[in-house]
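Numbering (our numbering), first residue to last: 7 to 130. Backbone N, C-alpha and C define an ideal beta-carbon position, used for all residues, glycine too. Step one of this worksheet: look at the structure below.
Now the structure itself:
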């Protein structure tokens with residue numbers, strides 16, 4: 007992280023101090039969002055459902071990556087986010103994901119927001 011700069015009037019500019027951190031966060035988010043979008047493309051290409059993807063991340067590692075499975079599963083609740091939450095819970099063998107984050111290819115619908123909330127996914 008860069009040092010904060012002190013102006014002649016002795017005020018401190020913290021913008022420069024956090025620019026490296028901000029770039030690191032943007033790079034991290036971009037990586038996971040890109041993976042969610044790739045999942046969306048994958049789901050459309052194989053005909054499983056609509057163009058939606060989601061990834062669940064724990065400690066900067068993708069633990070689950072899913073796409074919309076509505077058509078394949080004949081299940082109107084098999085949205086990418088719900089499927090990712092379900093599969094992440096199975097993989098971790100627990101019903102809460104408070105130490106995880108979720109990235110989605112677009113804004114989740116109300117049902118998906120509900121599933122994300124119930125799983126206690128970390129919100130920052």
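Is the number of C-beta pairs between the stretch 62 to 81 and the stretch 89 to 96 that are closer than 8 angstroms three or more?
Yes, the stretch 62 to 81 is in contact with the stretch 89 to 96.
Let me know the secondary structure DSSP gives residue 95 once reduced to three states.
Residue 95: helix per DSSP, three-state reduction.
First and last residue of the alpha helix (DSSP H) that includes residue 120?
Counting along the chain, the alpha helix (DSSP H) containing residue 120 begins and ends at 116 to 124.
Would residue 70 count as contacting chain B if we go by Cβ distances under 7 angstroms?
Absent from the structure: chain B. Only one protein chain is present.
Sorted by chain position, which residues of the same chain lie with C-beta nearer than 7 angstroms to residue 114's C-beta, five sequence neighbours on each side aside?
Same-chain partners within the cutoff: 87 and 122.
Three-state secondary structure (DSSP) at residue 53?
Correct three-state label for residue 53: coil.
In terms of alpha-carbon separation, which member of 53, 41 and 112 lies closest to residue 63?
Ranking 53, 41 and 112 by Cα distance to residue 63 puts 41 first.
Are there 16 or more other CB atoms within 10 angstroms of the CB of residue 38, so buried, or fewer, so exposed?
Under this definition residue 38 is a buried residue.
Helix, strand or coil for residue 62? Go by DSSP, reduced to three states.
Strand, per DSSP.
Taking C-alpha atoms, which residue in 43, 36 and 29 lies nearest to residue 111?
Nearest of 43, 36 and 29 to residue 111, Cα basis: 43.
According to DSSP, is residue 44 helix, strand or coil?
Note: residue 44 maps to helix in three-state DSSP.
With a CB to CB cut of under 6 angstroms and the five nearest residues on each side skipped, what residues in its chain are close to residue 95?
The residues are 101.
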